[in-house]
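Comments concern the structure below.
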Amino acid sequence: MGLKSYYKKNLYEAGCDEAGRGCLAGPVVAAAVILDPSNPIQGLRDSKALSSHQRHNLRTEIEDKALAYAVAFVGPEEIDRINILRASLLAMYRALLKLTPLPDHVLIDGNQLIRDLPFEQTCIVKGDALYQSIAAASILAKTHRDEFMSELHLSFPHYNWISNKGYPSAEHRRAVINFGPSMHHRKTFRISQPSDGLFD
2 MGLKSYYKKN LYEAGCDEAG RGCLAGPVVA AAVILDPSNP IQGLRDSKAL
52 SSHQRHNLRT EIEDKALAYA VAFVGPEEID RINILRASLL AMYRALLKLT
102 PLPDHVLIDG NQLIRDLPFE QTCIVKGDAL YQSIAAASIL AKTHRDEFMS
152 ELHLSFPHYN WISNKGYPSA EHRRAVINFG PSMHHRKTFR ISQPSDGLFD
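Count along the sequence shown from 1, then add 1; that gives the number in our numbering.
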């Protein structure tokens, strides 16, 4: 069974999702997408269920076919100042306000409403596996963030961000312990010593 096309019919309905909330380094990135019902996109799924190649191809199609899309970043300093939950919601807020046209209704992935958002909104837990617009937003957020971290890798190769994208892999945690945190690390995030166990 495919993902649902809409929550409320005959509206400009935007899906919104974020990527990078659990990372040790880099920004949290949100995307918002208003899909065009007359120009459908095949294969939309939660970004985590797609390969990197599939995400890249779908990103191109989403950006070509959507009625509107926008991406917003909140960096590590702001994350440390306001906490990661508020930073994630702020990134979503910024992405949604960048849309042209603005939406009539917003589908938010998760269970947290966005404060001061001037549109009607509905939270959908695991919405990226249920609604096409949220899935499209998850793909854009993930691919834009991965691209950003791959570019940062060129200046900070010892953290291997081109591979781990800032997530707390054992390799990444060892690099932080060995080399110290960079300007792109979230200073309020606890970085534990990785073990040498079987599952590292």
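Positions of the beta carbon are idealized from the N, C-alpha and C atoms, including for glycine.
Spatially closest choice to residue i from the options, by CA coordinates
{"i": "glutamine 113", "options": "Ala171, Lys9, Val126 and Phe74", "result": "Val126"}
{"i": "leucine 12", "options": "His57, Leu103 and Arg191", "result": "Leu103"}
{"i": "aspartate 110", "options": "Pro182, Leu68, Met184 and Ser48", "result": "Ser48"}
{"i": "isoleucine 140", "options": "Ile42, Leu59 and Gln43", "result": "Leu59"}
{"i": "alanine 73", "options": "Ser53, Asn161 and His145", "result": "His145"}
{"i": "methionine 150", "options": "Ala138, Ala137 and Ser164", "result": "Ser164"}
{"i": "histidine 26", "options": "Asn161, Val107 and Pro119", "result": "This sequence places alanine at residue 26; histidine is not what is there. Checking every option, the nearest Cα to that of alanine 26 belongs to Asn161."}
{"i": "glycine 23", "options": "Met184, Gln194, Pro169 and Ala69", "result": "Pro169"}
{"i": "glutamate 121", "options": "Lys143, Asp105, Ser53 and Thr189", "result": "Asp105"}
{"i": "histidine 159", "options": "Asn179, Ala142, Lys143 and Glu148", "result": "Asn179"}
{"i": "aspartate 65", "options": "Arg82, Leu51, Leu86 and Asp37", "result": "Asp37"}
{"i": "tyrosine 8", "options": "Phe157, Ala137, Val107 and Leu118", "result": "Val107"}
{"i": "serine 156", "options": "Ala138, Ser39 and Ser183", "result": "Ser183"}
{"i": "serine 53", "options": "Asp147, Leu98 and Gly181", "result": "Asp147"}
{"i": "phenylalanine 190", "options": "Ala130, Ala67, Gln43 and Leu86", "result": "Leu86"}
{"i": "leucine 118", "options": "Gly128, Asn84, Cys124 and Leu98", "result": "Leu98"}
Cβ-Cβ distance between residue i and residue j below 8 Å
{"i": "serine 134", "j": "valine 34", "result": "yes"}
{"i": "lysine 5", "j": "tyrosine 94", "result": "no"}
{"i": "isoleucine 115", "j": "leucine 90", "result": "yes"}
{"i": "glutamate 79", "j": "alanine 88", "result": "yes"}
{"i": "alanine 50", "j": "valine 75", "result": "no"}
{"i": "leucine 45", "j": "alanine 69", "result": "no"}
{"i": "histidine 185", "j": "leucine 153", "result": "yes"}
{"i": "alanine 32", "j": "alanine 136", "result": "no"}
{"i": "lysine 143", "j": "arginine 56", "result": "yes"}
{"i": "glycine 167", "j": "glycine 21", "result": "yes"}
Where the alpha helix (DSSP H) containing residue i begins and where it ends
{"i": "isoleucine 70", "result": "With the sequence shown as reference, residue 70 is identified as tyrosine, and isoleucine is not the correct amino acid for it. Tyrosine 70 -> not in any alpha helix (DSSP H); beta strand (DSSP E) instead, spanning 69-75."}
{"i": "isoleucine 85", "result": "85-98"}
Element boundaries [beta strand (DSSP E), containing residue i]
{"i": "valine 34", "result": "29-35"}
{"i": "aspartate 18", "result": "14-20"}
{"i": "isoleucine 63", "result": "Here isoleucine 63 belongs to no beta strand (DSSP E); instead the alpha helix (DSSP H) covers 53-66."}
{"i": "isoleucine 109", "result": "106-110"}
{"i": "threonine 123", "result": "121-125"}
Using 8 Å as the threshold, is the stretch 10-17 in touch with the stretch 170-180, meaning 3 or more CB pairs across them? no
At 4 residues or longer, and completely inside the stretch 129-183: list those alpha helix (DSSP H) runs for me, N to C. 133-154, 162-165 and 171-180
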